[in-house]
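>
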Amino acid sequence: MDGGGGERWSAVADAWAELWGALAAPVWPPLLAAAHVGAGTRVLDVGCGTGELLGHLARAGAVTAGVDPAPAMARRARERYPGATVLDGDVEHLPFGDDAFDVVLAVNALQFADDSGDALAEIVRVLVPGGRVGIACWAEGPRNDLDVVERAVAAAHEEEVPPDGPLRAPGGLETVLARAGLDVVGSGIVDVPWTAPDDRSLVRGVLLGEDESTMVELAPVVVAAAIPFRATEGYRLANAFRWAVARSA
Numbered sequence: 008m009d010g011g012g013g014e015r016w017s018a019v020a021d022a023w024a025e026l027w028g029a030l031a032a033p034v035w036p037p038l039l040a041a042a043h044v045g046a047g048t049r050v051l052d053v054g055c056g057t058g059e060l061l062g063h064l065a066r067a068g069a070v071t072a073g074v075d076p077a078p079a080m081a082r083r084a085r086e087r088y089p090g091a092t093v094l095d096g097d098v099e100h101l102p103f104g105d106d107a108f109d110v111v112l113a114v115n116a117l118q119f120a121d122d123s124g125d126a127l128a129e130i131v132r133v134l135v136p137g138g139r140v141g142i143a144c145w146a147e148g149p150r151n152d153l154d155v156v157e158r159a160v161a162a163a164h165e166e167e168v169p170p171d172g173p174l175r176a177p178g179g180l181e182t183v184l185a186r187a188g189l190d191v192v193g194s195g196i197v198d199v200p201w202t203a204p205d206d207r208s209l210v211r212g213v214l215l216g217e218d219e220s221t222m223v224e225l226a227p228v229v230v231a232a233a234i235p236f237r238a239t240e241g242y243r244l245a246n247a248f249r250w251a252v253a254r255s256a
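This is the structure:
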């Protein structure tokens, strides 16, 4: 499922939480360490989805807030973590005042902004002076087994897979942060494997957001493409996220 469109993401909120919600968990520890998140840190999770990172932040003692453009995802996050302030909104129009947070995180979110520069300017607006921004997103395609399956699906429809955006390339996150006038203080790459216990979960995850007839049509394509990633139980697809943290002036 492509990014964008709050209504589209709202329609798959429950399935997203079940199948993909915990995918980025391996990137959270290095991101939070570099961002100096601890007890009492005021943290905004931009593109919070169904709230998995909010829960992790709360367990670290942070004072948490989240924002997401998909109303159903934001609603689910509020239900799961009532201690967090979760609002509907997007990264280019954050519904918070100036200097409201010590840290702003955007995990698998910045690439959906219409203009990453405008998004970062808005993030800096809600940061205190000297606050930290943490960004994480998918690494370049060849580092992700999921890319193999998505290319097979695209080929079945005689479509081209969109090229990797600049944020996914080595140094891409650091470059966009530096262009926004931020001082990069740390970066790295982390393995983020995705597992599916059976064929049905594999197909539902890869084709998230597609209608039932499309899933039935493409299920054999997905399963065949994933054969190299069979595990003892189900499937294990190796993937990677890049991350970077920067400090505002």
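If you're matching positions, the sequence shown starts at 8 in our numbering and goes up one per residue.
Beta carbons: idealized from backbone N, C-alpha and C, even for Gly.
Between which two residues does the alpha helix (DSSP H) carrying W23 extend?
A20 to L26
> Hey, quick one: how far does the alpha helix (DSSP H) through T48 stretch, first residue to last?
Neither: T48 is in no alpha helix (DSSP H) and is coded neither H nor E.
> For the putative contact between V98 and V135, defined by C-beta atoms under 8 Å, what is the C-beta separation to the nearest angstrom?
Contact flag wrong, Cβ pair sits at about 18 Å.
> If you follow the alpha helix (DSSP H) that S123 is in, where does it begin and where does it stop?
First-last of the alpha helix (DSSP H) with S123: S123 to V133.
> What residues in its chain sit with their C-beta under 6 Å from that of D205, if we drop five residues either side in the sequence?
Counting only Cβ-Cβ distances below 6 Å, and skipping sequence neighbours, we find G241.
> Give the range of the beta strand (DSSP E) segment to which A159 is assigned.
Where A159 is concerned, there is no enclosing beta strand (DSSP E), although the alpha helix (DSSP H) it sits in stretches over D152 to A163.
> Compare the C-alpha of N151 against each of P235, R139 and L51 and name the closest.
P235
> Which same chain residues, not among the five before or five after W27, have their C-beta less than 6 Å away from its C-beta?
none
> State the start and end residues of the unbroken alpha helix (DSSP H) segment that holds G212.
D206 to V213
> What number of angstroms, rounded off, separates the C-alpha of A18 from the C-alpha of G216?
8 Å
> Take the Cβ of G73 as the centre, count every other Cβ of all protein chains shown within 10 Å, and call the residue buried at 16 or more, exposed below.
When all chains shown are included, G73 counts as buried.
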